[in-house]
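For the sequence shown, the positions run 4 to 455 when this note's numbering is used.
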Amino acid sequence: MVRARAGRRGRTAGRERGAAAPRREKTRGAVPGFEGTVSGAVHYRGREVVRVRSTYDCDVLVIGGGIVGLSTAYAITRAAPGTRVTVLEKERGPARHQTGRNSGVIHSGIYYRPGSLKARYAVQGAAEMVKFCAEYGIAHAVTGKLIVATEKSELPRLHGLVQRGRENGIPVTELGPAQLTEHEPEVRGLAAIHVGTTGICDYVAVARKLAEASGAEIRYGADVVRADRRPGLGVAVRTADGSVVRGRVLVNCSGLHCDETARLTGDDPGMRIVPFRGEYYTLARPELVRGLVYPVPDPAFPFLGVHLTRGIDGGVHIGPNAVPALAREGYGWGVVRPRELGRTLSWPGSWHIARRHWRYGAGELRRSVSKAAFTEAVRRLLPAVTPEDLVPAAAGVRAQAVLRDGTLVDDFLIKEGPRTVHVLNAPSPAATASLPIGREVARRALASLAAT
């Protein structure tokens, strides 16, 4: 994932007349990437128009080395062999943010609205992810999971999930308390459903294999700070070390910074990333949990609630909650970046969220600052747990797209501009759905490439 920093959009200088000299487009404050050389001339209605040939470093330039960016590179080279792809990632390795800081779950797609991109891509992506892991020898397991209702008020929502799962083509089994105990002896609830297609895997290993198998040029430590997009030529970007990279088409997969990257190219994303930190604990007594156990989620929010996940390493993660982060990469309360926080607070949608959902947010904040409160939430599912059983683990940050009116974008969001494709909302289950997302983004990028 690459952090894009705001810069001034270039303005093309006036047109030179005649064919006596090469036409060179000059841009004030832009990346000096498209001062090309004459490649030839064509005649149009008696006028000779000089064409400019620019030197391209690649055909498709992907910004962001998380699982979606790497899946896109992989899909492009599979669909169009010989296409030159370069991936720029600001970190020193792949999958350092959302991809490498989640619970490692291969989601079934049961939560998502039938017909939505999330539903279609999660169902399809889950099967493909299992196949990909098996093909490349990546650690994974299809474990199934339980969604448990602990209060009577949750029973209608649980039944709604059964219906939604069936509409999405997902096998779902309804369980009573006795059957629930057979699956998870320490978990308590009034009713539950078992979702058989849920699994777990090592997404960091998946990202590394995608990078390797794509054949793309992967440049780590490449922090994009400026961009010059010219619809007639392509896109040139400058990285923090002064390097300039030129591509015919740019794909923005920069996750937590995707809105800034879009603005850097001159496109208006129409949304703002509002970061939410998810805090996790590791269970000191992993024998209390056999598999994956989730609460019934609140449909008003895109968060799934505090859940129990036995990972591929055998350990059990508990979490996450969802609290506002004070920086795009704010993995703790001590990480504050005033500029990024100011951008979040200046977005009207942030205040609309606060006004509508302050009670929910207050509960999340309480669980963040109080281990006792977090334990209380966990004990709804797992009564035997104690505060001493919870060992702090690494947090993650969700890149949540929010519209100006405060609407939390609840589906994957992909937009296009001249020579650009922007992935603007790809939180969970994007890792699960990364292979079909990558193909869709690749399709759009290749169509833009063919039109140039």
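Even for Gly, the Cβ is constructed at its ideal location relative to N, Cα and C.
Just confirm the distance between the C-beta atoms of residue i and residue j, as a whole number of angstroms; I'd bet it's less than 8 Å.
i, j, result
"aspartate 301", "lysine 121", "Contact doesn't hold; Cβ gap of about 17 Å is too wide."
"threonine 268", "leucine 295", "At roughly 39 Å, the Cβ-Cβ gap does not stay under 8 Å, so threonine 268 and leucine 295 are not in contact."
"alanine 398", "asparagine 428", "At roughly 21 Å, the Cβ-Cβ gap does not stay under 8 Å, so alanine 398 and asparagine 428 are not in contact."
"glycine 314", "isoleucine 203", "6 Å"
"isoleucine 66", "threonine 264", "6 Å"
"valine 299", "alanine 152", "5 Å"
"glutamate 391", "isoleucine 417", "That pair is no contact at about 45 Å."
"histidine 100", "leucine 259", "6 Å"
"leucine 438", "glycine 128", "6 Å"
Quick check on this structure: which residue in the options has the alpha carbon closest to the alpha carbon of residue i?
i, options, result
"glycine 218", "Val400, Asp392, Val88, Val252", "Val88"
"threonine 184", "Pro174, Ala195, Val175, Thr176", "Ala195"
"arginine 293", "Gly273, Tyr283, Gly317", "Gly317"
"tyrosine 59", "Val190, Trp336, Val240", "Val240"
"lysine 212", "Val424, Tyr77, Lys155", "Tyr77"
"valine 63", "Gly250, Ala125, Glu290", "Gly250"
"valine 426", "Gln182, Gly322, Glu290, Ala402", "Ala402"
"isoleucine 113", "Thr455, Val424, Glu170, His100", "Glu170"
"isoleucine 321", "Gly420, Gly281, His355", "Gly281"
"alanine 325", "Arg346, Arg362, Tyr124, Glu290", "Arg362"
"serine 156", "Leu449, Leu193, Tyr297", "Leu193"
"threonine 423", "Ala448, Val190, Val277", "Ala448"
"serine 106", "Pro439, Ala454, Val400, Glu419", "Val400"
"aspartate 271", "Phe279, Val277, Cys261, Gly345", "Cys261"
"glutamate 220", "Pro421, Arg191, Leu73, Thr455", "Leu73"
"glycine 366", "Gln101, Gly335, Asn255, Gly308", "Gly308"
"valine 277", "Tyr223, Arg369, Leu406", "Leu406"
"threonine 310", "Phe377, Glu343, Asp244", "Residue identity differs from the one stated: residue 310 is histidine in this sequence, not threonine. Residue Phe377 is the option with its Cα nearest to histidine 310."
"threonine 455", "Leu368, His355, Gly345, Pro421", "Pro421"
"valine 319", "Leu158, Leu385, Arg191, Leu91", "Leu385"
I'd like to know if residue i contacts chain B, where contact means its C-beta is closer than 8 Å to some C-beta of that chain.
i, result
"serine 156", "Note that chain B does not occur in the displayed structure, where there is just one protein chain."
Might you give, ordered along the chain, the residues of its own chain that have their beta carbon closer than 7 Å to the beta carbon of residue i, omitting 5 neighbours on each side?
i, result
"proline 395", "Tyr284"
"alanine 98", "Gly69, Ile70, Tyr206, Val207, Ala210"
"leucine 452", "Asp62, Val63, Arg251, Val252"
"arginine 116", "Ala122"
"alanine 216", "Tyr77"
"isoleucine 141", "Cys204, Asp205, Ala208, Val209, Lys212"
Leaving aside the five residues before and after residue i along the sequence, list all residues of the same chain whose C-beta is less than 6 Å from its C-beta, in chain order.
i, result
"valine 338", "Ala330"
"tryptophan 1", "This structure gives no information on residue 1, because the portion of the chain shown stretches from 4 to 455."
"tyrosine 139", "Lys212"
"histidine 110", "Ala125, Pro432, Thr435"
By Cβ distance below 8 Å, which residues in the same chain neighbour residue i in space, the five residues on each side in sequence not counted?
i, result
"alanine 375", "Pro390"
Is it the case that the region 79–95 contacts the region 377–390, given that we only count it when at least three CB pairs across the two stretches are under 8 Å? Not touching, per the Cβ criterion.
Count Cβ pairs between the region 142–151 and the region 187–202 that sit closer than 8 Å; are there 3 or more? yes
Along the chain, which unbroken stretches of the alpha helix (DSSP H) at least 4 residues long are found entirely within the region 97–144? 120–139
Take every Cβ of the region 127–138, pair it with every Cβ of the region 175–183, and state whether three or more of those distances are shorter than 8 Å. no
Runs of beta strand (DSSP E) wholly within the region 346–383 (minimum 3 residues, chain order): Runs found: none.
Which runs of the alpha helix (DSSP H) fall wholly inside the region 177–229 and span at least 4 residues, in chain order? 180–186, 206–217
Where in the region 279–349 do unbroken runs of the beta strand (DSSP E), each at least 3 residues long, occur, reported from the N-terminal end onward? 284–286, 295–298, 310–313, 319–322
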